[in-house]
Amino acid sequence: MRYLIIHAVNRPIPMRYFAIFELDSTVHWQNITKYCNSERMDDIQQNWMVRSFNFAEEALQAGEVPVGCIIVYEDKIIAVGKNEVNETKNATRHAEIVAIDQVLKWSKEQDINSALVFSKSVLYVTVEPCIMCAGALRQVGIPLIIFGCHNERFGGCGSILSIHDASLESLGPSFQCIGGIMKERAVDLLKRFYQGENPNAPEDKRKVKKDEQKV
Amino acid sequence: MLKTMSDDHPLAILHQDYVKCVELTDVFVSVIQCKKQTASVAKALCEDFPLENLQHLKRVRSCNSKDGSLQVVVCQGKTQEQFDAVLSDVKYSCLGKPFLTKVPKLKPLTRKQFEECKLYWPVTFHENKRITKLINLSYFSEDEIHKIQSHMKELFNHKEKSKTENAALIVDPKVNTVLATSCDRRHLEHPLQHAVMLCIDKVARLQGGGMWDIKEECCILENKSIKQLEEANNEKPEMCSMQSAEQYLCTGYDLYATTEPCVMCAMALVHSRIGRVFYVFPHEDGGLGSKFQIHTERDLNHNFEVFKCALPEKK
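Protein chains in written order, with the UniProt record's numbering: chain Z, 1 to 215; chain H, 1 to 315.
Now the structure itself:
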């Protein structure tokens, strides 16, 4: 039944994946994930991911950990998010939490039940959601997450813990994940952040590495 | 009934490794038929078959049998052909035919595990004093217990006044001051506004940040604690760590919660670098002890102490 719901509402997922769901709905999600590698991504889905990267780039320019995301509902972006931890001095202000807040606001403005909106939405995020965000995503009831690279430090969708499909009845329904989409670009962004080199920064504001200073 | 101090002592939620029963593994053991050669045989075995992951095992043990015969660990994870070739050397002539014996797989981390290990094979044990105190309920002084109890009481008063299911409170233990209180707002159509998430955000707001702009209809104590803080700050500015530019997120702060935080809140506390967490009611899906022990997860960049406390007595 779950797959049928995805079929009906999550149109950004290319049609051929639905064919798999319908032919054999017992196929394990990992098999589908294998099929969904970047070469086979449809333009439309690739496009959603590119949009998420725009916000990750914005985060990098703002000196934040470069993670960006969008939430797509009925073929349109209803929420976007980028990391805002430094700006808010709140370490929980991850891109996903920002976007969830926006969906709640959007639903209120549109006078639609937010739970219904979440249950028909897809989250595209450049990095695997952390344990906290995975918990948050279960609580709002998003059924599907498409992410870029894995998060070896905090990942809650398989890397450190598997919150997305752990037995946590009180938290909300489990969700499906497709990872590894455009992962090279996501890793590259993170590397740029952790090296403290922001190529977009003005020349005089760029950080200079310690060993370069000595020379 | 008379209460002892340990009745009030918060119970530490430790990493599973400290709590679990002793795991066993098979090793080959031989009887040393000539006791005089014990030292030389043990030394030779240590060279030929080092005990890699079983360094905690003592190589030789004396048996309980009447003749007091000695046994030595020959090797682990080798086939009979492999060790027979080595044992055919004349220096091993005093060894009996090797047989399999169960020994503790991991080094003991607590005295209880040490005692259990010894039932199988003698092991070395380096006691961690902090862990022992946490287990023996002798970690906190009476004064510290009193402070913890009074914060817990304040939290439950707050919970009752606000008439919500969960409440949270953040304290700076260095100055014993409440920085923020919060209560659950999930019923107000925001699924993520758990008490802990709100409390973390209030600390962020004290530091000039914050993500949620909330009108405080259910948090009566909030204004009071900010006021208290300001007063404290006027009197002794150096005491107020929240004003210090060096304060980073919730570093060194204590969080009190009525119910065990969920996985989202538990990880939010990791991200916020919380110092310690105290809660009263465990939750079956909780992230700090019941379903997960996120605070002890070694792969994460920050770990912290978690304690389960008794329900505060009503006046």
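All C-beta atoms, glycine included, are put in the ideal place defined by N, C-alpha and C.
message: Here's a check: name, in chain order, each residue in its chain whose Cβ is nearer than 7 Å to the Cβ of I135/H, leaving out the five neighbours to either side.
response: Cβ within range, chain order: T110.
- request: For the stretch 242-262 of chain H and the stretch 272-282 of chain H, state whether three or more C-beta atom pairs, one from each stretch, are separated by less than 8 Å.
  value: The stretch 242-262 of chain H vs the stretch 272-282 of chain H: in contact.
message: Can you tell me which residues form a DSSP beta bridge with C69/Z?
response: For C69/Z, which the question treats as bridged, DSSP gives the partners G81/Z and V125/Z.
- prompt: Ordered along the chain, which non-local residues of its own chain (more than five positions away) have a Cβ less than 6 Å from that of Q80/H?
  reply: Answer for Q80/H: no residue qualifies.
query: When you compare each of L168/Z, C130/Z, A136/Z and A186/Z to S159/Z by their alpha carbons, which one comes out closest?
result: Nearest of L168/Z, C130/Z, A136/Z and A186/Z to S159/Z, Cα basis: C130/Z.
task: Could you give the DSSP three-state label for D26/H: helix, strand or coil?
output: D26/H: strand per DSSP, three-state reduction.
query: How is G155/Z classed by DSSP in three states: helix, strand or coil?
result: In the structure shown, G155/Z falls within a strand segment according to DSSP collapsed to helix, strand and coil.
- request: Verify the CB distance criterion: does N47/Z have a CB-CB separation below 8 Å to chain H?
  value: Cβ-Cβ to chain H under 8 Å: no for N47/Z.
field: Where the stretch 151-173 of chain Z meets chain H: residues whose CB sits under 9 Å from a CB there
entry: Within the stretch 151-173 of chain Z, the qualifying residues are E152, R153, F154, G156, S159, I160, L161, I163, A166, S167, L168, E169, S170, L171 and G172.
field: Bounding residues of the beta strand (DSSP E) (the contiguous stretch that carries A168/H)
entry: Boundaries of the beta strand (DSSP E) harbouring A168/H: A167 to D172, taken from the DSSP string.
message: Counting only Cβ-Cβ distances shorter than 9 Å, please list the residues of the stretch 60-93 of chain Z near chain H, keeping chain order.
response: Hits within the stretch, in order: E84, V85, N86, E87, T88, K89, N90, A91, T92 and R93.
Three-state secondary structure (DSSP) of V27/Z: Note that V27/Z scores 40 on pLDDT, short of 50, meaning its location in the model is unreliable; the coordinates nonetheless yield the value given after this. In this structure, V27/Z counts as coil in the three-state DSSP scheme.
- prompt: Any chance the stretch 98-118 of chain Z sits against the stretch 135-147 of chain Z, with 3 or more Cβ pairs inside 8 Å?
  reply: Yes: at least three Cβ pairs fall under 8 Å.
query: Name the chain H residues that come within less than 7 Å of V125/Z, Cβ to Cβ?
result: Going along chain H, no residue has its Cβ under 7 Å from V125/Z, so there is no contact; the nearest lies around 16 Å.
message: Can you tell me where the alpha helix (DSSP H) holding A62/Z begins and where it ends?
response: Element bounds for A62/Z: n/a, residue is neither H nor E.
- prompt: Three or more C-beta pairs closer than 8 Å, one from the stretch 103-115 of chain Z and one from the stretch 152-169 of chain Z: is that the case here?
  reply: Counting Cβ pairs under 8 Å, fewer than three are found: no touch.
message: Quick check: L300/H and E260/H, are their CB atoms within less than 8 Å of each other?
response: No. Outside cutoff.
message: Would I220/H pass as an interface residue toward chain Z - the criterion being a Cβ-Cβ separation below 8 Å?
response: Residue placement at I220/H cannot be trusted, given a pLDDT of 41 that sits under 50; what the coordinates show is reported in the next sentence. So no, I220/H is outside the interface.
message: Closer than 8 Å between beta carbons: that is the criterion. Which residues of the stretch 280-311 of chain H meet it against chain Z?
response: Listed by position, the residues of the stretch 280-311 of chain H near chain Z (Cβ gap below 8 Å) are H283, E284, D285, G287, K291, F292, I294, E297, D299, L300 and N301.
- request: Grab me the residues of Q16/H's own chain with a C-beta within less than 7 Å of its C-beta, minus the 5 sequence neighbours each way, in chain order.
  value: Around Q16/H: Q293.
task: Taking the CB atoms as reference points, tell me whether C133/Z and E96/Z lie closer together than 8 Å.
output: Yes, the Cβ-Cβ distance between C133/Z and E96/Z is below 8 Å.
- prompt: How many Å lie between S241/H and D213/H at the Cα?
  reply: At S241/H, the pLDDT of 46 sits below 50, so the modelled position is not reliable and the matter cannot be decided from this model.
- prompt: Is N54/Z buried or exposed, if buried means 16 or more other CB atoms sit within 10 Å of its CB?
  reply: So N54/Z counts as exposed.
task: Kindly list, in the order they appear in chain Z, the residues whose Cβ is closer than 7 Å to that of residue 354/H.
output: The displayed coordinates of chain H run from 1 to 315. Any statement about residue 354/H would go beyond what the structure contains.
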